[in-house]
Amino acid sequence: MLHRWLILKLPHGSDYVYVDSTYIAGPSGGLEWTLQHGLNRTMGNPLAETLQQLYSRGPGYVMYNDEWPNGTVSFHLAHAKGVLGFEGDGGFWLVHSAPKFPNNPTGGAYTGICCEEYWGQLLEGQNFMCLTMGPTQMNSVAALLQLPSLFLYEWHVPPWSTLTYPAVTRLVSGGSPGLATQASQPIATVGGEAFMAFAKATTPLHSLGIYEDVVEPFFKAGMEVQSWLNGRNALPSQCPPTTQYESLNVRHVYVRVASRGWDNTVDHSKWSVSMPNVGQNSSWIGGQGTVCFGDMNRMEAQLFRGGGAVCFMNNTAVWETFRSLIFAIEGCHGPT
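Numbering (the numbering used here) for the sequence shown: 52 to 387.
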């Protein structure tokens with residue numbers, strides 16, 4: 052049953068690798084990526100087929116991005132990008148890393164990942180994660196998303212949806228996130244796959260790292276993190292005793308099926324894997340480790356902004372799949 056898919060877009064173009072919930076682990080224990088082409092097309096790829104349904108204005112939806120399609124940027128609200136799409140019997144949550152995406156449905160047809168190979172959304176690597184969930188789970192996600200202070204840019208909440216999805220109504224109405232600075236919410240897809248969704252609030256007066264202070268303490272594990280580190284005040288890899296757990300920057304990935312590797316200087320994607328052979332949360336049943344798709348980069352300014360992460364629970368195959376991508380990490384004393 053197809054209830055979850057993952058996409059990593061390769062830098063410099065629209066090629067991408069793909070796995071979904073129907074894939075079966077191979078001899079190595081991981082999943083075999085499928086190399087595909089044309090993520091910029093407006094049909095014929097999982098991203099387009101998922102989003103196209105929203106442009107009929109039939110289903111309800113909420114779109115958020117710290118950099119809107121019209122170029123408006125927030126440097127203070129949540130550093131987060133995603134889409135909620137829903138009908139009466141459930142919907143999907145798309146978590147992604149692409150700025151200015153997707154385009155506004157009220158402005159016309161879906162335009163896809165934008166522009167030229169060496170400019171715009173096609174320049175860097177990006178990630179996309181889509182989960183299909185029932186109404187209760189979708190409502191739980193919408194409730195969690197009130198915490199980070201999202202930069203919403205378009206929504207359509209049909210009258211029929213207000214009883215089924217009251218948290219969506221509160222989300223688009225600017226409901227108060229309360230006093231909590233962080234929260235976690237167990238969720239599951241319609242296929243029963245378990246995840247833990249995390250959120251952190253915008254905290255202008257004190258720092259709060261999504262990995263160091265939220266995700267890693269929950270799993271009692273260090274993480275190897277792929278994130279965008281171009282710009283000022285990128286955080287170096289950190290290890291105990293500076294931090295409770297290791298937070299190591301991924302510096303280079305290699306995708307075997309595409310015969311391509313690249314440094315994180317051209318990779319805007321945001322994902323992380325737990326480090327092997329470490330402790331785990333007592334409520335976390337088995338599994339070699341976890342994989343998270345997130346909103347945040349390991350940048351100093353983002354320690355004060357809202358955002359979140361969605362982490363697999365007990366999925367060794369996905370963990371092996373992402374661990375196999377990591378070619379070089381930055382240790383606490385330099386690259387290794």
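Yeah, the Cβ is synthetic: ideal placement off N, Cα and C, and Gly gets one too.
Check	Outcome
Residues bridged to His-257 [DSSP beta-bridge criterion]	DSSP, once it has assigned bridges, lists no residue as partnering His-257.
Environment of Asn-116 [buried if 16+ CB atoms lie within 10 Å]	buried
Rounded straight-line distance, which links the Cα of Arg-92 to that of Pro-156	16 Å
Short Cβ contact (7 Å threshold) for His-130 with Gln-353	yes
The alpha helix (DSSP H) enclosing Ala-360, as first and last residue numbers	Counting along the chain, Ala-360 falls outside any alpha helix (DSSP H), though it belongs to the beta strand (DSSP E) covering 358 to 363.
Contacting residues, own chain, Cβ-Cβ under 6 Å from Gln-177 (five flanking each side not counted)	Lys-60, Ser-148, Ala-149, His-319, Ser-320
7 Å Cβ cutoff met for Ser-325 and Phe-249	no
One or two residues paired with His-303 in a DSSP bridge	Asp-314, Ala-379
Val-329 - DSSP class collapsed to helix/strand/coil	With a pLDDT of 48 at Val-329, under the threshold of 50, the modelled position of that residue is not reliable, and no figure is offered here.
Closest by C-alpha distance to Ser-227, when choosing among Ile-238, Leu-195, Gly-340	Leu-195
Residue from Trp-279, Tyr-296, Leu-222 whose Cα sits closest to the Cα of Glu-175	Trp-279
Cα-Cα separation between Trp-335 and Pro-97, rounded to whole angstroms	With a pLDDT of 43 at Trp-335, under the threshold of 50, the modelled position of this residue cannot be trusted, and the question is left open.
Selection from Lys-251, Glu-275, Phe-373 that minimises the alpha carbon distance to Asp-264	Lys-251
Continuous alpha helix (DSSP H) stretch holding Asn-121: start and end	Run containing Asn-121: none; DSSP gives neither H nor E here.
Buried or exposed (CB count within 10 angstroms, at least 16 for buried), Glu-267	buried
Beta-carbon gap between Asp-66 and His-88 smaller than 7 Å	yes
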